[in-house]
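Everything below concerns the one structure shown next.
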Amino acid sequence: MKPHQRREHLLDEGAALFAEKPYEDVWMEDIAARAGVSRATLYHYFASKRDIYVAIFERASGRFLARVSPDPHLPLAEQLAIALDAHIQSFVDHPFEAVTINRGALSDDPAIQAIIAEELNIVGRRLVNELVAEGHLRDAVEIAVEGWLAFVRAACVKWIQSQNISRVDLTDMCLRAFECAVGTPQAAFVYGSAGYAASGDYTAALTADVVDGVAW
5 MKPHQRREHL
15 LDEGAALFAE
25 KPYEDVWMED
35 IAARAGVSRA
45 TLYHYFASKR
55 DIYVAIFERA
65 SGRFLARVSP
75 DPHLPLAEQL
85 AIALDAHIQS
95 FVDHPFEAVT
105 INRGALSDDP
115 AIQAIIAEEL
125 NIVGRRLVNE
135 LVAEGHLRDA
145 VEIAVEGWLA
155 FVRAACVKWI
165 QSQNISRVDL
175 TDMCLRAFEC
185 AVGTPQAAFV
195 YGSAGYAASG
205 DYTAALTADV
215 VDGVAW
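First residue of the sequence shown? That's 5 in the working numbering, and the numbers climb one at a time after it.
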């Protein structure tokens with residue numbers, strides 16, 4: 005196995021393990037055993053558990069941003085709903101990660117927080133540019149989008165810990181918050197042309213095949 009392939013393999017196995025257990029319960033020995041390599045091999049690529057976690061998180065963030073890049077063929081409302089659903093799915097797939105990076109052991113880690121900040125910046129800039137293109141004032145939507153992203157992040161972290169409302173209700177809450185903040189009827193897509201409200205399953209319909217983790 006070539007070095008870059010070995011590194012990707014270690015990241016894959018580490019990501020799978022961190023998805024199954026809280027950060028505090030995973031040890032470098034566990035990752036090495038799962039990957040079928042010696043501890044020395046693992047430490048050759050990553051100096052610590054924190055280092056491999058940061059690498060996993062950075063890769064997941066990059067994949068997410070690539071998968072939800074702007075699509076000029078889709079209306080903004082649909083792009084927003086798809087990206088939001090992918091974000092919520094990442095919390096479902098990686099519940100321990102959501103707590104670790106937002107309220108747990110790595111919540112104040114500078115590398116993790118830099119990745120989160122960059123992802124928020126990219127997602128926010130994309131939204132702002134789309135809204136300005138539709139005629140909104142940049143100064144106003146910059147404030148609205150930054151506030152909305154913070155709301156979504158906090159709501160999803162709270163939800164994954166309690167799950168005391170349905171995923172559909174969480175999605176609806178976030179889309180309605182966007183509509184209120186920006187003043188654009190984004191929810192029209194959700195409740196209108198596709199008829200998802202009647203079926204109660206618009207979240208599944210929007211999911212497509214977007215996967216991997218996300219910070220916001």
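The C-beta atom is built at its ideal place from N, Cα and C for all residues, glycine as well.
A quick note: this is a predicted structure, and the numbers were derived from the prediction, not measured.
- Message: Please classify Ala202 as buried or exposed, where buried requires at least 16 other C-beta atoms within 10 Å of its C-beta.
- Response: By 1-based counting over the sequence shown, the position of residue 202 is 198. Because Ala202 sits at a pLDDT of 32, beneath the cut-off of 50, its placement in the model cannot be relied upon, and the point is left open.
- Message: For Glu24 and Phe100, I'd like the C-alpha separation in whole angstroms.
- Response: Looking up residue 24 in the sequence shown gives position 20. Looking up residue 100 in the sequence shown gives position 96. Using only the alpha carbons, I get a separation of about 8 Å.
- Item | Opening and closing residue of the alpha helix (DSSP H) in which Val166 lies | Within the sequence shown, the letter at position 162 stands for residue 166. Residue identity differs from the one stated: residue 166 is Ser in this sequence, not Val. From DSSP, the alpha helix (DSSP H) with Ser166 extends over Arg142 to Ser166.
- Buried or exposed (CB count within 10 angstroms, at least 16 for buried), Gln167: For this step, residue 167 is matched to residue 163 along the sequence shown. The residue in question, Gln167, is exposed, as its Cβ has fewer than 16 Cβ neighbours within 10 Å.
- Item | Whole-angstrom distance between Leu46 and Ala59, CA atom to CA atom | One-based indexing of the sequence shown puts residue 59 at position 55. One-based indexing of the sequence shown puts residue 46 at position 42. Spanning the two alpha carbons is a distance of roughly 13 Å.
- Query: When the Cα of Glu62 is compared with those of Leu179, Phe182, Gly187 and Pro114, which residue comes out closest?
  - Reply: Numbered from 1 along the sequence shown, position 58 holds the residue referred to as residue 62. Ranking Leu179, Phe182, Gly187 and Pro114 by Cα distance to Glu62 puts Pro114 first.
- Query: Among Gln93, Ile169 and Gly40, which residue has its Cα nearest to the Cα of His13?
  - Reply: Against the sequence shown, residue 13 aligns to sequence position 9. Out of Gln93, Ile169 and Gly40, Gly40 has the C-alpha closest to the C-alpha of His13.
- Express the C-alpha separation of Ile56 and Phe193 in angstroms, rounding to a whole number. Indexing the sequence shown from 1 puts residue 193 at position 189. Indexing the sequence shown from 1 puts residue 56 at position 52. Per-residue confidence for Phe193 stands at a pLDDT of 40, beneath the threshold of 50, marking its modelled position as unreliable; the derived number appears in the next sentence. The alpha-carbon atoms of Phe193 and Ile56 are separated by roughly 40 Å.
- Message: Would the segment 66 to 76 count as touching the segment 85 to 93 if we require 3 or more Cβ pairs under 8 Å?
- Response: Contact between the segment 66 to 76 and the segment 85 to 93 is present, because at least three Cβ pairs lie under 8 Å.
- Item | Under the three-state DSSP convention, the category Asp75 falls into | Mapped onto the sequence shown, residue 75 falls at position 71. DSSP places Asp75 in coil when its eight states are reduced to three.
- Is Leu110 helix, strand or coil when you go by DSSP? As a position in the sequence shown, residue 110 is number 106, starting the count at 1. In the three-state reduction of the DSSP assignment, Leu110 falls in the coil class, being assigned neither a helical nor a strand state.
- Spatial neighbours of Ile126 within its chain, please: CB distance less than 7 Å, with the 5 preceding and 5 following residues excluded, ordered by chain position. For this step, residue 126 is matched to residue 122 along the sequence shown. Once the five neighbours on either side are set aside, the close Cβ partners of Ile126 are Leu69.
- Message: Is it buried or exposed, Cys184, if we count other Cβ atoms within 10 angstroms and call 16 or more buried?
- Response: Start at 1 with the first residue of the sequence shown, and residue 184 comes out as number 180. Taking all protein chains shown into account, Cys184 has fewer than 16 neighbouring C-beta atoms within 10 Å of its C-beta and is therefore exposed.
- Task: Reducing DSSP to helix, strand and coil, say where Lys25 ends up.
- Result: Locating residue 25 in the sequence shown gives position 21, counting from the first residue. The answer is coil: DSSP assigns Lys25 none of H, G, I, E or B.
- Query: What residue does the alpha helix (DSSP H) around Met32 start on, and which one ends it?
  - Reply: As a position in the sequence shown, residue 32 is number 28, starting the count at 1. Per DSSP, Met32 belongs to the alpha helix (DSSP H) from Met32 to Ala39.
- Query: Under 8 Å between the Cβ atoms of Ala102 and Ile164?
  - Reply: For the purposes of this step, residue 102 is taken as residue 98 along the sequence shown, with counting starting at 1. For the purposes of this step, residue 164 is taken as residue 160 along the sequence shown, with counting starting at 1. Yes, the Cβ-Cβ distance between Ala102 and Ile164 is below 8 Å.
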